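Structure, as structure tokens:
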Amino acid sequence: MYAQTQKSFLAWVGIVAAISFAMPSKAAVTLGLTSSGTTATSTSVSVGQTFNVDLRLTSTAETLTGVDYYFHIDGAAAGHVKLINRDISASPFTDPVKLNIGDNAGNPGVLDPSVSVLNSQGALDLGATISNVNSALPANTYLLGTYSLTVDSSTPIGTYTLSTTSIPGSGAVTQAPTFNEQSFDRQAALSLTVTPATLAPEPAGAMVLLGMLGLALRRRLR
């Protein structure tokens, strides 16, 4: 009886394994943030300074025509980090949902002062579509844009997370004719360390240093 039960169990395990092996892996659409021009998922910036990030999309199987997403900054950095530039010229997603510059009122752009400061999330959708939505992009990795952000001088020193977020049920827009929208399987995240401002030498100290260098040079020329 035991041997028969053991054989039945092993047969069941084999069937489950065969089914699992035969099933295709789930398609995934993910976002990734890196320090601009690198593969680093972290960066450091002094208060009052600007930093740049690259945002990329990776699809393992889905063909896509558009994306919808916002930027988010956590903790005490909320209200202190401002979006100052968006460059989508190298992206196939060239038709933005919202322009960079609007009228700062009824139809604002993503860089307008009234909406460009990141709180729990950016106020405007940073997404875009491809120029010809009837010809969806094949699964691959694509640059969505290069973003410049500035950290104001009152930002508390610390480490924060800059990430993307989307309205539930939105994110990746699939091909025509349905243009179904689905959530991203993973949002992007980058670790941002805010450091104190770098102090410039005081004028008096700089003059003393120049004097010492000049004296050393005169001695060498004698």
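Numbering (this note's numbering), first residue to last: 10 to 231.
Using N, Cα and C, we set each Cβ at its ideal position, and we do this for glycine too.
Every value quoted in this text rests on a predicted model; they were computed, and no experiment measured them.
Can you tell me which of the options puts its alpha carbon nearest to the alpha carbon of residue i?
i    : options                   : result
N143 : S162, T207, R65 and T183  : T183
D83  : T173, S129, R195 and F102 : S129
S123 : T47, N141, S44 and G88    : G88
L201 : N149, S179, D77 and V90   : V90
So, using beta-carbon positions, are residue i and residue j closer together than 8 Å?
i    : j    : result
Y156 : S100 : no
P105 : I97  : yes
G131 : Y79  : yes
A148 : S68  : yes
G180 : D112 : no
Taking only three categories from DSSP, how would you classify residue i?
i    : result
A197 : coil
G84  : helix
T207 : coil
Q184 : coil
E71  : coil
Taking just the CA atoms, how far does residue j sit from residue i?
i    : j    : result
D134 : F102 : 14 Å
T39  : A197 : 8 Å
S162 : V62  : 20 Å
G75  : A145 : 9 Å
L158 : T59  : 6 Å
L199 : G115 : 32 Å
Inter-stretch contact (C-beta, 8 Å, three-pair minimum) for the stretch 160-168 and the stretch 51-62: yes
Three-pair Cβ contact test at 8 Å for the stretch 40-48 versus the stretch 187-197: Touching, yes, given that three or more Cβ pairs across the two stretches are closer than 8 Å.
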